[in-house]
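One gets this note's numbering by counting positions in the sequence shown from 1 and adding 2 to each. By construction, the Cβ of each residue, glycine as well, lies at the ideal position given by its N, Cα and C atoms. Written below as structure tokens is the structure these notes are about.
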Amino acid sequence: MLHGYWLKRYGIPGSYERVDVPPEELAAFFDRFKEAGWVGGNVTVPHKMAVIPFVDRIDDAAKAIGAVNALWWEGDALVGGNTDAMGFIGNLDELVPGWDRGARRAVILGAGGATRAAVYGLRSRGLEVALCNRTVAKAEALAAHFGKGVTGQGLDELEALMGDADLLVNTTSLGMVGQPPLEIDLAPLKPEAIVYDVVYVPLETGFLKAAKARGHRTVDGLGMLLHQAVEGFRHWFDRTPEVTEELRTLLSDDIRAKTPGA
Ligand code: ATR
């Protein structure tokens with residue numbers, strides 16, 4: 003729906019299709035990738051690491067994040083890249099222009115796949131990042147993986163860390179439809195802190211609602227999805243597509259239609 007909208011808007015002949023590739027057919031799929039006419043694609047579970055042997059190189063973001071979510075050609079070389087960090091940051095840039103002026107510290111809840119993209123994006127803008135996760139060992143391991151400027155701790159330290167945060171980000175699955183809510187007392191946050199939730203089903207999570215009610219600037223997860231797609235499209239068609247209000251509405255309506263209560 004997302005890429006179809008842009009292809010139509012810019013009059014580009016092409017399509018964005020879903021292809022179901024069983025793990026045992028990955029090699030055969032890539033043998034025919036170019037001749038089948040693909041200018042690129044996205045990669046999802048369970049192939050985000052499995053595709054690495056089949057690409058000619060992986061970009062720095064994919065290396066640091068440990069996952070490939072996009073493929074594109076650079077000349078004759080097939081690149082496996084990661085556009086999630088750019089998506090995470092592009093969304094912030096759009097919704098809170100100038101957000102990083104004076105922003106020094108971010109606290110991220112979680113230590114999973116989505117966390118990695120957020121850490122990479124925030125480090126690229128020079129912020130110090132504290133990871134708070136239910137399983138402390140996972141937060142510590144991720145902090146060690148990223149090294150300088152990233153620390154890992156348990157949720158018991160969250161309250162103290164929040165007081166110093168310019169940005170609070172949820173990258174856990176809590177608050178997603180079908181999951182328990184994310185219930186955090188936001189009182190320790192500075193009023194000017196920004197609250198970001200990468201969850202986008204529902205479109206406005208309870209966490210964002212609570213942050214809004216306290217007067218915080220908030221950033222939703224749908225925009226991250228839109229902005230990671232901007233990066234893919236740009237690589238494939240050499241054109242930076244616009245995230246229009248019409249596109250946001252198209253996707254929001256679709257999510258609402260498919261998810262009662264979202
Ligand atoms: P993704 O790849 O989408 O980020 P994930 O790797 O499964 O998903 O990560 C889910 C995150 O949500 C983890 O940080 C997880 O915490 P644990 O590492 O302790 O499992 C967090 N999470 C999920 N359910 C949770 C819960 N009930 N309470 C606290 N954290 C939870």
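Query: Where isoleucine 91 falls: helix, strand or coil (DSSP); Result: helix
Query: Any non-hydrogen atom of the ligand ATR closer than 7 Å to alanine 116 Cβ; Result: yes
Query: Pair within 8 Å by beta-carbon distance, tryptophan 238 and valine 41; Result: yes
Query: Identity of the residue in Asp240, Thr46, Ile60 and Ile110 nearest glutamine 155 by Cα; Result: Ile110
Query: 8 Å Cβ cutoff met for glycine 177 and threonine 207; Result: yes
Query: Local conformation of tryptophan 74 per DSSP, three classes; Result: strand
Query: Near the ligand ATR: serine 175 beta-carbon under 7 Å from a heavy atom; Result: yes
Query: Nearest-angstrom Cα separation, counted from leucine 227 out to glycine 89; Result: 7 Å
Query: Helix, strand or coil at isoleucine 257 according to DSSP, with G and I counted as helix; Result: helix
Query: Neighbourhood of aspartate 58 by C-beta distance below 6 Å, restricted to the same chain and skipping five residues each side; Result: Ala79 and Leu80
Query: Those residues which DSSP pairs with glutamine 155 across a bridge; Result: Cys134
Query: Between the CA atoms of valine 200 and lysine 140 - distance to the nearest angstrom; Result: 19 Å
Query: Cβ-based neighbour list, asparagine 44, same chain, cut-off 7 Å, excluding 5 preceding and 5 following; Result: Asn71, Ala72 and Gly234
Query: Outcome for glycine 83 when other beta-carbon atoms lying within 10 angstroms are tallied against a minimum of 16; Result: buried
Query: Backbone CA spacing between leucine 327 and serine 17 [nearest angstrom]; Result: No answer is possible for residue 327: the residues shown for the chain start at 3 and end at 264.
Query: Alanine 79: first and last residue of the uninterrupted beta strand (DSSP E) it sits in; Result: 79-83
Query: Rounded separation between threonine 85 and arginine 125 - CA only; Result: 15 Å
Query: Runs of beta strand (DSSP E) lying entirely within the segment 189-247, each at least 3 residues, in chain order; Result: 196-199 and 219-221
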